Amino acid sequence: MRALRLTAVCGILVLIWQAVVWLADTPHYILPGPARVGSTWWEHVGLILGHAQTTLLEIVLGLALGTLLGVISALVLTYVRPARLWLLPVLVASQAVPVFALAPILVLWLGYGIASKVAMATLIIYFPVAANFFDGLRRTEPGWLDLARAMGASPWRALWHIRVPAALPALASGVRVAAAVAPIGAVVGEWVGSSAGLGFLMLHANGRMQIDLMFAALLTLAVFAVAIYFVIDHVLRRALHWQADA
Amino acid sequence: MTPSADSHSRPDHAVRIEGARFGFEGALLFDGLDLALEQGRWTCLLGPSGVGKSSLLRVIAGLERLEGGALAVRDDAPVAYMAQQDLLMPWLGALGNVSLGARLRGERPDRARALAMLERVGLGAEADALPRTLSGGMRQRVALARTLMEDRPIVLMDEPFSALDAITRARLQELAAGLLAGRTVLLVTHDPLEALRLGERIYVMAGRPATLQPAPAPDGPPPRRPGERTLQALHAELLERLTAADDAAAFPRPS
Numbered sequence: 497m498r499a500l501r502l503t504a505v506c507g508i509l510v511l512i513w514q515a516v517v518w519l520a521d522t523p524h525y526i527l528p529g530p531a532r533v534g535s536t537w538w539e540h541v542g543l544i545l546g547h548a549q550t551t552l553l554e555i556v557l558g559l560a561l562g563t564l565l566g567v568i569s570a571l572v573l574t575y576v577r578p579a580r581l582w583l584l585p586v587l588v589a590s591q592a593v594p595v596f597a598l599a600p601i602l603v604l605w606l607g608y609g610i611a612s613k614v615a616m617a618t619l620i621i622y623f624p625v626a627a628n629f630f631d632g633l634r635r636t637e638p639g640w641l642d643l644a645r646a647m648g649a650s651p652w653r654a655l656w657h658i659r660v661p662a663a664l665p666a667l668a669s670g671v672r673v674a675a676a677v678a679p680i681g682a683v684v685g686e687w688v689g690s691s692a693g694l695g696f697l698m699l700h701a702n703g704r705m706q707i708d709l710m711f712a713a714l715l716t717l718a719v720f721a722v723a724i725y726f727v728i729d730h731v732l733r734r735a736l737h738w739q740a741d742a
Numbered sequence: 658m659t660p661s662a663d664s665h666s667r668p669d670h671a672v673r674i675e676g677a678r679f680g681f682e683g684a685l686l687f688d689g690l691d692l693a694l695e696q697g698r699w700t701c702l703l704g705p706s707g708v709g710k711s712s713l714l715r716v717i718a719g720l721e722r723l724e725g726g727a728l729a730v731r732d733d734a735p736v737a738y739m740a741q742q743d744l745l746m747p748w749l750g751a752l753g754n755v756s757l758g759a760r761l762r763g764e765r766p767d768r769a770r771a772l773a774m775l776e777r778v779g780l781g782a783e784a785d786a787l788p789r790t791l792s793g794g795m796r797q798r799v800a801l802a803r804t805l806m807e808d809r810p811i812v813l814m815d816e817p818f819s820a821l822d823a824i825t826r827a828r829l830q831e832l833a834a835g836l837l838a839g840r841t842v843l844l845v846t847h848d849p850l851e852a853l854r855l856g857e858r859i860y861v862m863a864g865r866p867a868t869l870q871p872a873p874a875p876d877g878p879p880p881r882r883p884g885e886r887t888l889q890a891l892h893a894e895l896l897e898r899l900t901a902a903d904d905a906a907a908f909p910r911p912s
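As given, the protein sequences belong to chains A and B, one line each in that order. Mapping to my numbering: the first sequence position 60 is 556, numbers consecutive. Mapping to my numbering: the second sequence position 201 is 858, numbers consecutive.
Structure follows, in C-alpha cells:
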C-alpha cells in the first residue's frame, strides 16, 4: 500500500514535469522533459550505474563508520564522567560549524578519492547517531535500574542487558536521520573535488551542457537515497518489533 | 548495596530498623523510626501517599541509604523487589523476563525452572509472549514469577497490585499469598482491604516526620476472604484511622 502510494505520487510529479515542459516550451538545455531524461539514462546506463556504485560505497561506508563512532561516543559519554563534562559541550558547539565548509579541507587532506567523501558522510552521520543514542542511554526507566540493583547486577551487566537495549529505539531514530543525510555528505564531497561518483558526473555533465545527463544522474541519486532509507527503516523496524508503536 | 548484617538482630526478626532517619527533597520523611519484620510473615504498611512508605521499603531494598539510624537484615539475606509497575523489559519474552536476574548476575539462566515459575502463575503457555501483548494482570503475574524465580527469603512489594482492576487484584492477592507463604514479606499498599486480606502485622504510617502505629490484623493465614465479618469490622475501623491520618497530613508540603 505504501509502495503504491509512493508510485502514484511519483507518477503525478512526472506528469506535472512533462506538462511544464510542454506548456512553457523550455529549451532542453534548461529543463529537459522526462522522456528525454529517460532515454539519456538508458543510453548512458553503464556510465551512470558505474558512478552510482562509487557514491553508494561512500554512503554505506560513511553510514557504517559514522554509526560505529556515534555509538562508541555515546557509550563513553554515558560512562566516563570527565568525558561528559569536558567533551559534551565541545561536541554540541562543534555542530555550529557547517560540515560542508570542511569539504575543501577534507579533499585537501584525504585526496580526490573515496576517503574524503567517506569522511564527509561520517562527519554528517556521527552527530545524530551519537546524540540520539546518548539521550536514549540517559533516559533508562529508573524502575528498571532499581530492579537490576535489587537483583545484584553489576553496572556493566545492567548496561548490556538493560540500558543498551532500552536505548535501541533512540539509536534507531538517529540512524534513520543519518540514512537520510548520508547522501548529502557524499555528494558535497564529490562536488568539491573528485574523479568519480554521481556528484562528479552531475558537475561534469553540467559543465558540458548535458543537462539531460545531469538530470539522469540526479534522479539515480534520488532513487538510491530513498532506497537506502527504506532498507534501513525496514531492517530497524524488524529488529525492534517489540516496540509498542512498531 | 546489600543491607549490612547485624549479629545482634533478634532471631525472630528478618529485618530490623532502629532510629531510622530519612529525608527526600529537603523534607524529613521520618526520624527515629523503628520497624521490625517478623520472620516468615506478611507485614503491611498503610498510609497516605507521600508519607514515606515507599522510601522505607526502598531503604530495606538497599536502593536508598538512611541518613541516620540502623538497618539490620538477618544473615545478610538478599531481598527481592516488586514495584507497582511490572518493570518488564519490553524486548524480552515472558520467559526471558522471568530469568532476567540470572542474566544480570552473569549466571546461566535455568530455563526449566523459569518455565515452572511461569506455570505456577498460570502463564505456562505465554512463555514467548512479549510484554506488550499481555494484559496488565498477566504482566504483573510475570513480575510475580520473576520475583519467585529470585527465590529470596525476604520479598519487598511496593503497591504491586494497585494498578489492576478489582477482580484481577483479588486473584493476584490470592496467588501471591499462596506462592510467597513462608517468606518474610513487606507489602506497601494504600488499600486497607488488601492489608487486611494479606497482612499478619499491619502498620499505619502517618505524620511528618512519620511514625508507625500498629493496627489490629485478622487472625489466620492470608489470604482471608473479603466477606469475613471480622474483616469487614476491621476494614471500617482501619478506614477511619486512615482518614484521620490523611486529615492530619494537612501539613505544609514542600512546594
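Don't be surprised by glycine CBs; every beta carbon is placed ideally from N, CA and C. Note that the coordinates shown come from a computational prediction; the quantities given were computed from them, not determined experimentally.
Item                                                                                                                    : Value
Contact with chain A by Gly763(B), beta-carbon distance below 9 Å                                                       : yes
Cα-Cα separation, Arg501(A) to Pro883(B)                                                                                : 59 Å
Any chain A beta carbon closer than 9 Å to Glu816(B)                                                                    : no
Assumed close pair Ala867(B), Gly709(B) - CB separation to whole angstroms, cut-off 8 Å                                 : 5 Å
Range of the contiguous beta strand (DSSP E) that encloses Gly725(B)                                                    : 725-730
Where the alpha helix (DSSP H) containing Arg659(A) begins and where it ends                                            : Where Arg659(A) is concerned, there is no enclosing alpha helix (DSSP H), given that its DSSP letter is neither H nor E.
Neighbour list for Arg653(A) in chain B, Cβ cutoff strictly below 9 Å                                                   : Arg760, Leu761, Arg762, Gly763
Pairwise C-alpha distance: Glu764(B) and Thr563(A)                                                                      : 31 Å
Limits of the alpha helix (DSSP H) - the one that Thr914(B) falls within                                                : The requested residue 914(B) is not part of the displayed model; chain B covers only 658 to 912.
DSSP beta-bridge partners of Trp699(B)                                                                                  : Val842(B)
Any C-beta of chain A under 9 Å from that of Asp688(B)                                                                  : no
Cα-Cα separation, Ala834(B) to Gly697(B)                                                                                : 12 Å
Three-way DSSP call (helix, strand, coil) for His737(A) in this model                                                   : coil
Within chain A, partners of Tyr860(B) - CB distance below 7 Å                                                           : Simply none; closest approach about 22 Å.
Alpha helix (DSSP H) segment containing Pro879(B), residue limits                                                       : Run containing Pro879(B): none; DSSP gives neither H nor E here.
Residues from the segment 728-743 of chain B in contact with chain A, defined by Cβ distance under 8 Å                  : Pro735, Val736, Ala737, Tyr738, Ala740, Gln742
Cβ-based neighbour list, Trp699(B), same chain, cut-off 7 Å, excluding 5 preceding and 5 following                      : Val842, Leu844, Leu855, Gly856, Glu857, Pro879
Neighbour-count burial assignment, Met774(B), 16 or more Cβ in a 10 Å radius                                            : buried
Start-end ranges of the beta strand (DSSP E) lying completely within the segment 808-866 of chain B, minimum 3 residues : 811-815, 841-845, 858-863
Element boundaries [alpha helix (DSSP H), containing Arg532(A)]                                                         : 530-539
Closer than 7 Å at the beta carbon, the chain B residues around Leu643(A)                                               : Tyr738, Leu744
Alpha carbon of Leu752(B) to alpha carbon of Ala737(B), nearest angstrom                                                : 18 Å
Glu885(B) versus Val799(B) - alpha carbon distance                                                                      : 30 Å
Endpoints, beta strand (DSSP E) assigned at Val736(B)                                                                   : 736-739
With 16 other Cβ atoms within 10 Å as the buried cut-off, status of Asn702(A)                                           : exposed
Secondary structure of Leu692(B), DSSP reduced to three states                                                          : strand
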